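In my numbering, the protein residues as written are 190 to 531.
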C-alpha cells in the first residue's frame, strides 16, 4: 500500500454494529472504504455519521453507494467500478427470532445474498479477498464447545441461511480460487447493538429503570447459554483473516459461558438493582426451536491470526450499561434544551 493508491474495501452492512466498527478500523489503517446502503425514505446511518465526510471534500475516504444484496446486476457494476482489494459481507437479516417470522426474506438476503456477491466478484474478474460473516447460530443444537470442526445443526431460518452462505463461500474458494474466508463469530455486542437484541434490550432497560423511566422488562428464555464478546475486538479478527497468507475459516469467541440470567444480574447489579424485581416473562419472546448453549473455541484464531479477546462478559455488561446511561443523560439534556427554547 502507498499514499497514492490506498487499499480499497467494500463493506455490505456498513450501517450495522460490525460495519461501523470495521469502517473505523479500516479508515485508521488508511483504507478507502466503500459501503452499501439500501435506499429508503429515511437514512439509517447513525452508527457511521461521525465518520462520514462530504464526497466533494478532498481526501474523503468513506464513500456510500445505494445497493441491495437482492440486486445481482448492481453488485457486478459496483465491484467492477470500485475494484476493491477486500470485500466484507456483513449484511443480513440478522435477528434470529425475526427469522422465524420472515423466513423467506431471511433466506434471500442472508443466504442467497452471499452467492450474488461472490458471483459478482467472479463475473467482474475481481481478485478481491472476500470475508463472509458466518455465525455461531450455525452450530445450533450441537453441544459445546464448538470449533471449526464441529458439525452444524441450525435451529432457525437465520442459522440455516448462514450455513448455506458458509458452504457456498467454501465452494467458491475451492472451485474458482477466490480468496474467501468464513469468520464464525460467536455473539459479540457493544453500545451500538440494535435495541431489539437481548443484550442491548437489557442494558437499555437497566438505564431507563435506574432513571425512573421504566418499571418492567419483559423477557423470554433466561437459561440460554451464550459466549458474549466485544464487537470492536471481533472486527479486528475479520481484518486479520484477510491479511492471512491463505483463505481459511476461523471461530472467533471468548471461550466463556454466561446465561441470559447472568447478563441480567451483571447489568442490573452494576446500578445496584436486583433484576428479579423488574423482569417479567413473555412467551412471545421464545423461539419455536431454541439454541441451548453456544461456547466457542478460538484456539485456531489465536494460533494462526494472533487474535485473543480482552473484554469478557462482566466488563461488556458494564460498558453497555454505562453507555446507555450516558445516552439517556444526553437525551434528557436535549429535551430540557428544547423546552427552554420553545
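Just so you know, even glycine gets a beta-carbon here, dropped at the ideal spot from N, CA and C. A quick note: this is a predicted structure, and the numbers were derived from the prediction, not measured.
- DSSP places residue 492 inside the alpha helix (DSSP H), whose first and last residues are 488-494.
- For residue 401, DSSP records no beta bridge to any residue.
- Distance from the CA of residue 434 to the CA of residue 318, rounded to the nearest whole angstrom, comes to 11 Å.
- Approximately 7 Å separates the beta-carbon atoms of residue 408 and residue 470; this is inside 8 Å, confirming the contact.
- Leaving aside the five residues that flank residue 431 on each side, the residues in its chain whose CB is nearer than 6 Å to its CB run, in chain order, 275, 318, 320.
- The Cβ neighbour count for residue 465, taken over all protein chains shown within 10 Å, is under 16; the residue is labelled exposed.
- Looking at the DSSP output, residue 370 shares a beta bridge with 320.
- Cα atoms of residue 208 and residue 215: separation of roughly 10 Å, rounded to the nearest angstrom.
- Residue 371 is a Cβ neighbour of residue 323, given a cutoff of 7 Å.
- With distances taken between CA atoms, residue 303 lies nearest to 357 out of 344, 334, 348, 357.
- By the neighbour-count criterion, in which a residue is buried when 16 or more other Cβ atoms sit within 10 angstroms of its Cβ, residue 239 is exposed.
- Here residue 242 is exposed: its Cβ has fewer than 16 other Cβ atoms, across all protein chains shown, within 10 Å.
- Residue 485 carries a strand assignment under DSSP once its states are collapsed to helix, strand and coil.
- For residue 438, no alpha helix (DSSP H) run applies; the uninterrupted beta strand (DSSP E) run containing it begins and ends at 438-441, by DSSP.
- Ranking 419, 254, 341 by CA distance to the CA of residue 497 puts 419 first.
- Only residues of its own chain outside the window of five on either side were considered, and among them 362, 368, 369, 370 have a CB closer than 7 Å to the CB of residue 436, listed in chain order.
- In the displayed model, residue 200 falls within a strand according to three-state DSSP.
- Counting along the chain, no beta strand (DSSP E) covers residue 457; the unbroken alpha helix (DSSP H) around it starts and ends at 449-459.
- Of the candidates 343, 249, 203, 203 places its Cα closest to the Cα of residue 256.
- Comparing alpha-carbon positions, the option among 221, 251, 336, 292 lying closest to residue 375 turns out to be 336.
- Assignment of residue 348 by DSSP, reduced to helix, strand and coil, places it in the helix class.
- Per the DSSP secondary-structure output, residue 335 pairs in a beta bridge with 485.
- Considered as a whole, the region 373-436 harbours 387-399, 420-432 as its complete alpha helix (DSSP H) runs of no fewer than 4 residues, in chain order.
- In the DSSP assignment, residue 224 falls within the beta strand (DSSP E) that extends over 221-226.
- The three-state reading of DSSP puts residue 215 in helix, counting H, G and I together.
- For residue 380, the closest C-alpha among the options 346, 366, 421, 467 is that of 421.
- A distance below 8 Å between beta-carbons, with the five flanking residues on each side excluded, links residue 263 to the following residues of its chain, in chain order: 256, 257.
- Take residue 509, set aside five residues on each side of it, and the residues of its chain with a beta-carbon closer than 6 Å to its own are 380, 392, in chain order.
- Exclusion of the five residues before and after residue 237 leaves 203, 204, 208, 209, 212, 224, 251 as the residues of its chain whose Cβ lies within less than 8 Å of its Cβ.
- Proximity to residue 502 across 278, 313, 462, 414 peaks at 414, based on C-alpha coordinates.
- The continuous beta strand (DSSP E) containing residue 276 extends over residues 275-278.
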